[in-house]
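> Here the protein sequences line up with chains Y and U, keeping their order.
Be aware that the first sequence starts at 875, since it is given in the working numbering, and climbs by one per residue.
Be aware that the second sequence starts at 298, since it is given in the working numbering, and climbs by one per residue.
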Amino acid sequence: MFEHFTDATGLALWLPLASAGVIGFSVALYVLMDGFDLGVGILFPGAAKPEWRDAMMVSVAPVWDGNETWLVLGGAGLFALFPVAYATLLPAFYLPLTAMLLALILRGVAFEFRFKTEVHKPFWSASFHVGSVVATFTQGLVLGAFVEGKAIEVGAGHWAWLSPFSVFVGLALLAGYGLLGATWIVKKTEGEMQAWARDVAGRLVAVVAVALVIVSVWMPVMAPEIAARWFAWPNVAMLAPVPIVAGILCVAIFVSLRRGGESLPFYGSFALFLTGYAGLAVSLFPALVPGRYDIWQAASGPSSLSFALVGLGALIPMILGYTLYNYYVFRGKVRLEDVDGYH
Amino acid sequence: MEFDALLLSRIQFAAVISFHIIFPAFTIGLASWLVVLEARWLATRDETWKRLYRFWLKIFAVSFGLGVVSGVVMSYQFGTNWAPFSLFAGEVIGPLMSYEVITAFFLEASFLGIMLFGWERVGDRAHFVATILVAVGTLISAFWILSANSWMHTPAGFEIVDGKAVPTDWWAIVFNPSFPYRFAHMVAATFLSTSFAVAGMAAVALRRRSDDTGARRSLAMALGLAAVLAPLQVFIGDLHGLNTAEHQPAKLAAMEGHWRNEGEHGVPLLLFAWPDEAIEGNRAEIGIPHLGSLIITHSWTGTFPALTEFPADERPPVAVVFWTFRVMVGLGLLMIVVAFWAQWRRWRGRLFEDGLFLRLLPWMIPSGFVALLAGWFTTEIGRQPWVVYGLFRTADGATALARHQVLTSIGGFAVVYSIIFGAGLYYVGRMVLRGIVLPEGGTAVEPGGLQQAKRPLSTIGETLDGDDSAGGG
Ligand code: HDD
Ligand code: HEM
Ligand code: HEM
């Protein structure tokens, strides 16, 4: 089945493949889950009333840490399963990754400090918002530069990650996470505040749809290898449904927002992200560091892979279980008393 | 000394991990402390325990938050700044860190939400379970990360293939020779640091309001634990040192400032010295004859390898290791004195009386954290020039970054860490000054000078602004 990519067989074939699956899974969950709480931070200053802003923070306060842990798993997992990729990709994106980490720090501490003070509140609100924006933008920047590939070539310059394309993807991700955040607010609130979030989400779907079209045209034009990969058999068959499904989802989200849907826009946005993500995965497969290493070349040896995969395989279902429980405990519309009782 | 990217990366790594470790150390201790408080509340249903729990929970949350955000940085440092090291050791260290994420971090992060915000939603018992799971999570986290770190000190269970460490025996890797000692010593260190931090903060509160019941209970319990753990820590530390003597003799020689063996004279225990690498000896040496031999070899004239027996490029920087070790041990002995003094006062029924003792305790708040950092500096700098002892040199481990890149990141961390550290200290300080658990109806509980919620939603709960003079006197 994978003959034209590798001549590995048996465990040497499947262990790296399963490992790539784990990394892909945790990155996907990270993007979806931290995506909506970063989105809440992006939209923060747009809220018309101070209590809306409090409600926005309270809606994600019990879950943001768990969401962000998928990023930690992505990092540690890459270190364990694909050390070659870890040691190539991270230095290539040194400055944007550092900026992302600093931004995540400023955003994360705002959850603790913002409710402790009235005097410094504007400062922590700003730190929450700016942190979310910078973290999102740098993630998009890294994603764009990763796909573009220049920054990960041997001997690439220190600024090779900065290009019109990577900046565009950074901006597009702001709209994308913003959409996740807005539909989350629709799900978690009522009344006037919900109407505001609906309005914002409606506009953002349009922006995301346009951005998706632009990226899909720009990528093959920019890089002939990508065009070759996209339009070659069997990829073209697997990719063909992506724009169709994405288009349907955009319309569905938009219509549902208009018709008073509460949860559907949120899950629809999840699905939209997953569709785009799947498209990207298909077009890159089996490269892990595009242009340099594929999954099998970058993988750890069988001892490390099997040791790590046993734990990951056994524990990720458990983690998903208690994550669901956590969301279940905090289900329903946001209640400001949750934080009231604590602070 | 040239400030090249290698040195800058070392400075950055030392700075970010030292910053990180302070918070986990405090949260590991506080998480278990919260389990005890909640258990006592469930057993007695005495409201004071619950209020005590809620007070320390807020401090815990601040410390946990700072631990999490600085921890996320750590998991990327190895790749960004230590790429060749990651290639060499990734197959061993990486899986250990993945286990830390899946067995500890998710557990802590998920149940923390319930611990902080979920009491009214899940009920007392489920809430207690959440507290226990978070506490267990913090200890599991320490288990894996210390295993990874210990492997770098005493590597085992691997073979070198194509210039990389490839695992052969995971049991031997996880339970490598220095791990049990390091784990025990570190966990005791976190509990001790927390004890003195809690006792010191309680003393601050008690000196402002002598009827602060929460402060009394906190102080008595914390110092009771310290009286047991401080002596125990010396004992574990001694075992740890013997393990170092066996596996990392050059580090031990540096800790003792031991340059050469002089036969039947044995090795003295140096109290003071100025180790000087240029003369391969110490200046201004003051020591107790034979005591060094006695501690390390358990014999009057026993000897152990001296620094000059190692090639000069395999010796760690002696003076730093020598002095950080003495700072740690000195603080450990001071903790014993303070903890025993407290037990004596308690026995005389004077534990809560204002005086020299209560005035001294706040100064002990940083003692544990300083000792802990000093201990880590001893361990890590004593391992130099190796990053994986005997196998891989630190100088070969750094990513070939440009100076401006590392300077930029160091600058960013310096600014952001100063802001969040300052804010953390400030808010924790205000919480303590506000009082821990004051009697019902007491004047200071009502936030007299504080801003009350003007509109029901605009201010959630009470804030920490305003002046705290209401509680003074
Ligand atoms: C509250 C903190 C604290 C206190 C009071 C002490 N230690 Fe410690 N020590 C640590 C916290 C610590 C630590 C941070 O946990 C270290 C750093 C790395 C490690 O394994 O533990 C450490 C390392 C460390 C080492 C180096 C291990 C190595 O070679 O890698 C030795 C020999 C000792 N300790 C011995 C002692 C002794 C004899 C003490 C008696 C007073 C003592 N420690 C008190
Ligand atoms: C949390 C407590 C720790 C502290 C305070 C600490 C401190 C330090 C310091 C001061 C150095 C610099 C030594 C030198 O360059 O002379 C260092 C080096 C290093 N430590 Fe630790 N360390 C800690 C734990 C760990 C852990 C848990 C790991 C790995 C899992 C680790 C991995 C390393 C590595 C890779 C280096 C080499 C880089 C360098 O030399 O700067 N450390 N550490
Ligand atoms: C290089 C070494 C280290 C790395 C890569 C690292 C990584 C991390 C990460 C990613 C987090 C955040 C987890 C979350 O999202 O909830 C974290 C928190 C934590 N770390 Fe570290 N860490 C290191 C060193 C240490 C050491 C030496 C200890 C203790 C002995 C420690 C104990 C903890 C604990 C208990 C937490 C939970 C948060 C808290 O209690 O503040 N870590 N660490």
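Each residue gets a CB set at the ideal place from its N, CA and C atoms; glycine is no exception.
It should be emphasised that the depicted structure is a prediction, and the values quoted were computed from it without experimental measurement.
Taking the C-alpha atoms as reference points, what is the distance between residue 949 of chain Y and residue 493 of chain U?
Counting from 1 along the first sequence, the entry for residue 949 of chain Y is found at position 75. Counting from 1 along the second sequence, the entry for residue 493 of chain U is found at position 196. Using only the alpha carbons, I get a separation of about 35 angstroms.
> At a CB distance below 8 angstroms, what residues from the stretch 951 to 963 of chain Y approach chain U? Give them in sequence order.
Here the close residues are 951, 952, 953, 954, 955, 957, 958, 960, 961, 962 and 963.
> Does the stretch 958 to 973 of chain Y touch the stretch 1006 to 1019 of chain Y, meaning 3 or more C-beta pairs lie closer than 8 angstroms?
The stretch 1006 to 1019 of chain Y, when compared against the stretch 958 to 973 of chain Y, does touch it at the 8 angstroms Cβ threshold.
> Suppose the cutoff is 6 angstroms on Cβ atoms and the five residues either side in sequence are ignored; what does the same chain contact list for residue 1070 of chain Y look like?
As a first step, residue 1070 of chain Y must be located in the first sequence, where it is residue number 196. None.
> Rounded to a whole number of angstroms, what is the C-alpha to C-alpha distance between residue 778 of chain U and residue 512 of chain U?
Chain U is shown from 298 up to 770; residue 778 of chain U falls before or after that span and cannot be answered.
> Can you give me the Cβ contacts of residue 683 of chain U inside the same chain, cut-off strictly under 7 angstroms, excluding the 5 residues immediately before and after it?
Position 386 of the second sequence, counted from the start, is the residue given in the question as residue 683 of chain U. Around residue 683 of chain U: 689, 690 and 691.
> Shortest alpha-carbon distance to residue 1091 of chain Y belongs to which of Y:1081, Y:927, Y:1080 and Y:1104?
In the first sequence, counting from the first residue as 1, residue 1091 of chain Y sits at position 217. Among Y:1081, Y:927, Y:1080 and Y:1104, the Cα nearest to that of residue 1091 of chain Y belongs to Y:1104.
> Express the C-alpha separation of residue 557 of chain U and residue 629 of chain U in angstroms, rounding to a whole number.
Residue 629 of chain U sits at position 332 when you count from the first residue of the second sequence. Residue 557 of chain U sits at position 260 when you count from the first residue of the second sequence. Using only the alpha carbons, I get a separation of about 28 angstroms.
> Jot down the residue ranges of each uninterrupted beta strand (DSSP E) in the stretch 618 to 693 of chain U, minimum 3 residues, whole runs only, in chain order.
Those beta strand (DSSP E) runs which fall completely within the stretch 618 to 693 of chain U and span 3+ residues are 683 to 685.
> For residue 686 of chain U, count the other beta carbons within 10 Å of its own beta carbon; 16 or more makes it buried, fewer makes it exposed. Which is it?
Counted from its first residue, the second sequence places residue 686 of chain U at position 389. Label assigned to residue 686 of chain U: buried.
> Looking at the secondary structure, which residues open and close the alpha helix (DSSP H) in which residue 446 of chain U lies?
In the second sequence, residue 446 of chain U corresponds to position 149, counting from 1. First-last of the alpha helix (DSSP H) with residue 446 of chain U: 421 to 450.
> For residue 907 of chain Y, verify whether its CB is less than 7 angstroms away from any heavy atom of ligand 4.
Among the ligands in the structure shown, ligand 4 does not appear; only ligand 1, ligand 2 and ligand 3 can be found there.
> Grab the span of the alpha helix (DSSP H) containing residue 337 of chain U for me, first residue to last.
Locating residue 337 of chain U in the second sequence gives position 40, counting from the first residue. 302 to 341 is the extent of the alpha helix (DSSP H) around residue 337 of chain U.
> Quick one: Cα of residue 699 of chain U to Cα of residue 1127 of chain Y, how far?
Taking the first residue of the second sequence as 1, we reach residue 699 of chain U at position 402. Taking the first residue of the first sequence as 1, we reach residue 1127 of chain Y at position 253. Cα-Cα distance, rounded: 46 angstroms.
> Considering only their Cβ atoms, is the gap separating residue 470 of chain U from residue 453 of chain U smaller than 8 angstroms?
Translated into positions along the second sequence, residue 453 of chain U becomes position 156. Translated into positions along the second sequence, residue 470 of chain U becomes position 173. Their beta carbons are under 8 angstroms apart, which means residue 453 of chain U touches residue 470 of chain U by this criterion.
> Shortest alpha-carbon distance to residue 571 of chain U belongs to which of U:589, U:559, U:563 and U:552?
In the second sequence, residue 571 of chain U corresponds to position 274, counting from 1. Closest by alpha carbon: U:552.
> Please list the segments of the alpha helix (DSSP H) lying wholly inside the stretch 966 to 1030 of chain Y, counting only runs of 4 or more residues, in order along the chain.
Counting only runs of 4 or more, we get 968 to 987 and 995 to 1022.
> Looking at the secondary structure, which residues open and close the beta strand (DSSP E) in which residue 355 of chain U lies?
Walking along the second sequence from the start, residue 355 of chain U turns up at place 58. Looking at the DSSP string, residue 355 of chain U is not in any beta strand (DSSP E); the run it does join, the alpha helix (DSSP H), is 344 to 378.
> Give the secondary structure of residue 468 of chain U by DSSP, where H, G and I count as helix, E and B as strand, and everything else as coil.
Reading the second sequence from its first residue, position 171 is the one you call residue 468 of chain U. Reduced to three states, the DSSP call for residue 468 of chain U is helix.
> Could you have a look at residue 540 of chain U and say whether DSSP puts it in helix, strand or coil?
If you number the second sequence from 1, residue 540 of chain U lands on position 243. Here residue 540 of chain U sits in helix by DSSP.
> Just list the beta strand (DSSP E) runs in the stretch 1095 to 1177 of chain Y, keeping only unbroken ones of 3 residues or longer that don't cross its boundaries, in chain order.
Counting only runs of 3 or more, we get 1161 to 1163.
> Which class does residue 600 of chain U belong to by DSSP, given the choice of helix, strand or coil?
In the second sequence, residue 600 of chain U corresponds to position 303, counting from 1. Of the three classes helix, strand and coil, the one that applies to residue 600 of chain U here is coil, per DSSP.
> Starting from residue 951 of chain Y and walking both ways along the alpha helix (DSSP H), at which residues does that stretch end?
Numbered from its first residue, the first sequence carries residue 951 of chain Y at position 77. 938 to 955 is the span of the alpha helix (DSSP H), which, as asked, contains residue 951 of chain Y.
> Spatial neighbours of residue 586 of chain U within its chain, please: C-beta separation below 8 angstroms, excluding the five flanking residues on both sides.
Residue numbering aside, residue 586 of chain U sits at position 289 when the second sequence is read from its first letter. Here the set comprises 562, 563 and 565.
> Whole angstroms are fine: how far does the CA of residue 1179 of chain Y sit from the CA of residue 886 of chain Y?
As a first step, residue 886 of chain Y must be located in the first sequence, where it is residue number 12. As a first step, residue 1179 of chain Y must be located in the first sequence, where it is residue number 305. Distance between the alpha carbons of residue 886 of chain Y and residue 1179 of chain Y is about 10 angstroms.
> Mind checking which residues open and close the alpha helix (DSSP H) that includes residue 698 of chain U?
Taking the first residue of the second sequence as 1, we reach residue 698 of chain U at position 401. Where residue 698 of chain U is concerned, there is no enclosing alpha helix (DSSP H), given that its DSSP letter is neither H nor E.
> Near residue 1026 of chain Y, which residues of its chain fall below 6 angstroms by C-beta distance, leaving aside the five closest residues on each side in sequence?
The residue labelled residue 1026 of chain Y in the question sits at position 152 within the first sequence. Result list for residue 1026 of chain Y: 966 and 1163, in chain order.
> Residue 434 of chain U versus chain Y: which residues are under 9 angstroms apart at the beta carbon?
Here residue 434 of chain U refers to the residue found at position 137 of the second sequence. Going along chain Y, no residue has its Cβ under 9 angstroms from residue 434 of chain U, so there is no contact; the nearest lies around 11 angstroms.
> Identify, in the order they occur along the chain, each residue of the same chain with its Cβ nearer than 6 angstroms to the Cβ of residue 536 of chain U, setting aside the five sequence neighbours on each side.
Numbered from its first residue, the second sequence carries residue 536 of chain U at position 239. Same-chain partners within the cutoff: 478.
> So with CB distances below 7 angstroms, who are the chain Y contacts of residue 409 of chain U?
Within the second sequence, the letter at position 112 stands for residue 409 of chain U. Those are 939, listed as they occur along chain Y.
> Can you check whether the C-beta of residue 990 of chain Y is within less than 8 angstroms of a C-beta belonging to chain U?
Counted from its first residue, the first sequence places residue 990 of chain Y at position 116. Interface residue, yes.
> In whole angstroms, what separates the C-alpha of residue 1079 of chain Y from that of residue 676 of chain U?
As a first step, residue 1079 of chain Y must be located in the first sequence, where it is residue number 205. As a first step, residue 676 of chain U must be located in the second sequence, where it is residue number 379. Roughly 54 angstroms separates the two Cα atoms.
> Indicate whether residue 1185 of chain Y and residue 395 of chain U have their beta-carbon atoms separated by less than 8 angstroms.
Counted from its first residue, the first sequence places residue 1185 of chain Y at position 311. Counted from its first residue, the second sequence places residue 395 of chain U at position 98. Yes, the pair counts as a contact, with Cβ atoms nearer than the cut-off.
> Alpha carbon to alpha carbon, how far is residue 945 of chain Y from residue 366 of chain U?
Working through the first sequence from its first residue, we reach residue 945 of chain Y at position 71. Working through the second sequence from its first residue, we reach residue 366 of chain U at position 69. Going by the C-alpha atoms only, they are around 12 angstroms apart.
> Pull the bridge partners of residue 571 of chain U from the DSSP assignment, please.
Sequence index remark: in the second sequence, residue 571 of chain U carries index 274 (1-based). The partner list for residue 571 of chain U (beta bridge, DSSP) reads U:580.
> Does DSSP put residue 463 of chain U in a helix, in a strand, or in coil?
Start at 1 with the first residue of the second sequence, and residue 463 of chain U comes out as number 166. Strand at residue 463 of chain U.
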